Amino acid sequence: MTATTFRRALAYEWIKFRSVRSLVWTTVVAAALPVPGAAFVAATGSLKTDDTVLGGSLTFSVPAMMLAAVLGALLVCGEYGSGTIRVTLAAVPRRGTVLAAKATLVAALLYALALPATTAAYLVGGAMLGEEYAPGEPMPALLGVAAAFSVAGLLGLAVGTLLRHSAGAITAVLALLLLPSMLGPLLGDAERWVAGVSPTAALEKLIQTSDATADAVGSLPAWPSLVLVTGYTTLALLAATALLHRRDV
17 MTATTFRRAL
27 AYEWIKFRSV
37 RSLVWTTVVA
47 AALPVPGAAF
57 VAATGSLKTD
67 DTVLGGSLTF
77 SVPAMMLAAV
87 LGALLVCGEY
97 GSGTIRVTLA
107 AVPRRGTVLA
117 AKATLVAALL
127 YALALPATTA
137 AYLVGGAMLG
147 EEYAPGEPMP
157 ALLGVAAAFS
167 VAGLLGLAVG
177 TLLRHSAGAI
187 TAVLALLLLP
197 SMLGPLLGDA
207 ERWVAGVSPT
217 AALEKLIQTS
227 DATADAVGSL
237 PAWPSLVLVT
247 GYTTLALLAA
257 TALLHRRDV
């Protein structure tokens, strides 16, 4: 993969992204959700007494991260649904380069949007909540939160490439985000291990919410949890790349 070929593939992906309304609007909503979410949580007084400003302000970062994962899935499944994937692979025959360009676009875009969005949400929450709650430790946690958005998008991209069907990929990636924490309580002592592998669990640890107890999201600290999620997302992307090379389209 030469640098010129990769830059061309990345330029193609950016043009396609801007031309698909569903991708643009999914991105806009994901980026916009944390700030009004912080205002809503502060205005309704729904925080627990042991929660932090950071945890309360970023409550809506969880559904926003789910939208980031949906974006990753739609980025590739939309092309399979419309048949334009054939045009993409004709323009850039190196399939690994195509997937690398998609991954670079979704990871960079989500990080660039999530960091200011979650930072603004923290500032809004802090201004509205005052000194009644502990502020939490926003740095470097906010950097990790933005990275979690990128990882969720990449996980969606990997699942979308593997399944190639929008509805199936969206269902599967949302299940990966939600089911571990939902099934954990049914598994007794194994709850902390099952729930802890979810990207949602890593995010909750990073935002230091009072709900991120060891029993609910595992005893692994926030940054190692993010590394774990990043690791199996990388494996999923490698599997997607191998499958993309093997099948006809």
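The numbering used here puts the first residue of the sequence shown at 17, with every later residue one more than the last. Positions of the beta carbon are idealized from the N, C-alpha and C atoms, including for glycine. These numbers were taken from a predicted model, which means no experiment stands behind them.
C-beta contact flag for residue i and residue j at 8 Å
i, j, result
"A211", "V233", "yes"
"A55", "G72", "no"
"A238", "A218", "yes"
"L126", "T177", "no"
"G94", "V36", "yes"
"A117", "E220", "no"
"L158", "T134", "yes"
"V86", "T42", "yes"
"A137", "V51", "yes"
"V167", "T249", "yes"
"L91", "A164", "no"
"L83", "V45", "yes"
Bridge-paired residues (DSSP) for residue i
i, result
"A150", "T68"
Terminal residues of the alpha helix (DSSP H) in which residue i lies
i, result
"P79", "77 to 98"
"P215", "215 to 222"
"S235", "Neither: S235 is in no alpha helix (DSSP H) and is coded neither H nor E."
"P50", "50 to 60"
"S226", "Note, S226: premise wrong, no alpha helix (DSSP H); not H, not E."
"P196", "182 to 199"
Contact belief for residue i with residue j at Cβ below 8 Å, rounded distance in angstroms
i, j, result
"A119", "L173", "6 Å"
"G112", "L242", "Not a contact, Cβ separation roughly 25 Å."
"L171", "G53", "L171 to G53, Cβ: 22 Å. No contact."
"T60", "Q224", "Incorrect: roughly 20 Å between the Cβ atoms, too far for contact."
Near the ligand NAP: residue i beta-carbon under 7 Å from a heavy atom
i, result
"R24", "With respect to small molecules bound, the structure shown includes none, and the ligand NAP cannot be examined in it."
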